[in-house]
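S.K.:
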């Protein structure tokens with residue numbers, strides 16, 4: 006009985022406080038530069054001839070934990086896993102791009118060393134073609150007070 010009450014309390018607390026900072030916003034409220042980076046990422050996926058070309062192009066807009074601490078290369082796990090998954094499943098992305106939902110979150114930081122960025126996070130759910138599955142989130146951070154990173158960066162991928 007005590008375990009059941011504890012479990013119910015934990016679930017209630019998570020539901021109430023777990024996403025307290027996250028807020029759904031309309032696509033119109035999403036900054037243009039964030040949407041531009043999303044379109045750029047999807048265009049990189051769609052137009053790259055192979056995964057190597059895709060990785061080279063993606064580095065320009067990748068940030069946080071997707072890049073090494075210096076921000077000069079993708080982390081070793083990005084290309085063979087999350088980027089590869091999105092690249093292989095790029096045909097499931099609805100064209101023209103349709104956004105199902107945007108969640109804005111204020112958070113701490115993503116990444117390590119000089120590439121660590123903090124700011125407003127936008128979790129943008131991109132619709133897929135019919136039969137392609139649920140909308141896939143792409144996380145984009147607008148950096149605040151970073152000495153070198155001044156433009157929005159994609160910080161989480163791999164859901165296409």
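Residue numbers (the working numbering): 6 to 165.
Where a beta carbon is used, it is the ideal one built from N, C-alpha and C, also for glycine.
For residue 57, which three-state DSSP category applies?
M.R.: Residue 57: helix per DSSP, three-state reduction.
S.K.: Let me know if residue 136 comes out buried or exposed under the rule of 16 or more other beta-carbons within 10 Å of its beta-carbon.
M.R.: With fewer than 16 Cβ atoms within 10 Å of its Cβ, residue 136 is classed as exposed.
S.K.: Measuring CA to CA, which of 151, 152, 154, 145 is closest to residue 43?
M.R.: Ranking 151, 152, 154, 145 by Cα distance to residue 43 puts 145 first.
S.K.: Does the distance from the CB of residue 119 to the CB of residue 74 come in under 8 Å?
M.R.: Yes.
S.K.: In chain order, what residues of the same chain lie with their CB nearer than 6 Å to the CB of residue 95, ignoring the 5 residues before and after it?
M.R.: Contacts found: 50, 51.
S.K.: I'd like to check one pair, residue 41 with residue 106: are the Cβ atoms closer than 8 Å?
M.R.: Their beta carbons are not under 8 Å apart, which means residue 106 does not touch residue 41 by this criterion.
S.K.: According to DSSP, is residue 124 helix, strand or coil?
M.R.: If DSSP states are grouped into helix, strand and coil, residue 124 belongs with the strands.
S.K.: Compute the distance between the beta-carbons of residue 143 and residue 162, then report whether it is under 8 Å.
M.R.: Yes, the pair counts as a contact, with Cβ atoms nearer than the cut-off.
S.K.: On the three-state DSSP scale, how would you describe residue 32?
M.R.: Here residue 32 sits in helix by DSSP.
S.K.: Checking the sheet assignment: what are the DSSP bridge partners for residue 166?
M.R.: One cannot answer for residue 166 here, as it falls past the ends of the chain, which runs 6 to 165.
S.K.: Return the CA-CA distance between residue 149 and residue 155, expressed in angstroms with no decimal places.
M.R.: So the alpha carbons of these two residues sit roughly 8 Å apart.
S.K.: Under 7 Å from any heavy atom of the ligand ADP, does the C-beta of residue 55 make it?
M.R.: The ligand ADP is not among the ligands present in this structure, which contains no ligands whatsoever.
S.K.: Between which residues of its own chain and residue 90 is the CB-CB distance below 6 Å, once the five residues before and five after are set aside?
M.R.: The residues are 163.
S.K.: Which class does residue 109 belong to by DSSP, given the choice of helix, strand or coil?
M.R.: DSSP places residue 109 in strand when its eight states are reduced to three.
S.K.: For residue 161, write down the residues that DSSP places opposite it in a beta bridge.
M.R.: According to DSSP, which records beta bridges pairwise, residue 161 is partnered with 144.
S.K.: Provide the residue(s) that pair with residue 71 in DSSP beta bridges, ordered along the chain.
M.R.: For residue 71, which the question treats as bridged, DSSP gives no partner whatsoever.
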